[in-house]
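In what follows, a single structure is set out as structure tokens and then discussed.
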Amino acid sequence: MDSVLVSACLRGVPCRFDGRDKVSPGLAEAVTDRAVVSFCPEAAGGLPTPRRPAELVGGDGHDVLDGRARVVDDTGCDVTAEFVAGAERALAAARNGGCGEALLMPRSPSCGRGAVYDGSFGGVLVAGDGVTAALLERSGIRVRPAPGV
Ligand code: SF4
């Protein structure tokens, strides 16, 4: 059976921008008996923890990968390069670990699947994927938002 890539914060790693984790109560059931590869793209991309919150500006993760949008933190600092580097390392980890699926943290500018914040830092969700979710999806890895968070 395939392994599954999981956002590290969902497994109790305190790697979120605020230095906390986001344990998913439904994760164990969703993973069943598969091997898990825990990964945090933002940390892997070279960003510190804690760090400023960031959002996608001008499009979603697919647009970032295609050079049409950026990732910017709430001070206006462009962190696009770190997000893309983290996504590429997440894809490498998924491939090395034999992961056919990823269960990722909803709404994150890296890990979000199907809905992300709109870049206003006003808590507004729009349809779209985070940068890592987008790269995994277009690379043939099925991406699902983790349940219960
Ligand atoms: Fe969690 Fe993904 Fe954000 Fe890392 S980048 S803290 S794994 S949501």
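In the numbering used here, the protein residues as written are 25 to 173. Beta carbons are placed, not taken as given, at the ideal position from N, Cα and C, and that holds for glycine. Note that the structure is a prediction, hence the values are computed from the model and not measured.
Cut-off 7 Å between Cβ atoms - residues of its own chain near residue i, not counting five sequence neighbours on either side
i: D26; result: R58, G122, C123, G124, E125
i: D45; result: C33, G36, V37, P38
i: P74; result: F41, D42, G43
Residue from the options with nearest C-alpha to residue i
i: L149; options: C33, S132, A67; result: S132
i: V103; options: C135, G70, R113, S48; result: G70
i: L29; options: G82, P38, A54; result: A54
i: D98; options: E106, G85, L80, A111; result: L80
i: D153; options: M129, D45, V47, R44; result: M129
i: G110; options: G138, A67, V95, R168; result: A67
i: S134; options: L115, P49, S48; result: L115
i: G136; options: N120, F145, R168, A105; result: R168
i: A139; options: G85, V60, F107; result: G85
i: S62; options: G91, A158, T56, L127; result: L127
Proximity test, residue i beta-carbon vs the ligand SF4 heavy atom, cut-off 7 Å
i: C39; result: yes
i: C33; result: yes
i: A158; result: no
i: P74; result: no
i: E79; result: no
i: E161; result: no
i: S48; result: no
i: C64; result: yes
i: A67; result: yes
i: C101; result: no
i: C24; result: Beyond the ends of the chain as shown, which are 25 and 173, falls residue 24; an answer cannot be given.
i: M21; result: Only positions 25 to 173 of the chain appear in this structure, which leaves residue 21 out of reach.
i: S132; result: yes
Residues of its chain near residue i, where Cβ-Cβ distance is below 6 Å and the 5 sequence neighbours each way are ignored
i: D87; result: A93
i: D142; result: V148, V150
i: A118; result: L29, I165
i: R113; result: A68
DSSP beta-bridge partners of residue i
i: C123; result: S27
i: A78; result: D97
i: R131; result: V140
i: V55; result: Beta-bridge pairing links V55 to no other residue.
Own chain, CB closer than 8 Å to residue i, minus 5 neighbours either side, in chain order
i: R76; result: F41, D97, D98, T99, C101
i: G172; result: S48, P49, G50, L51
i: F145; result: P77, E79, D98
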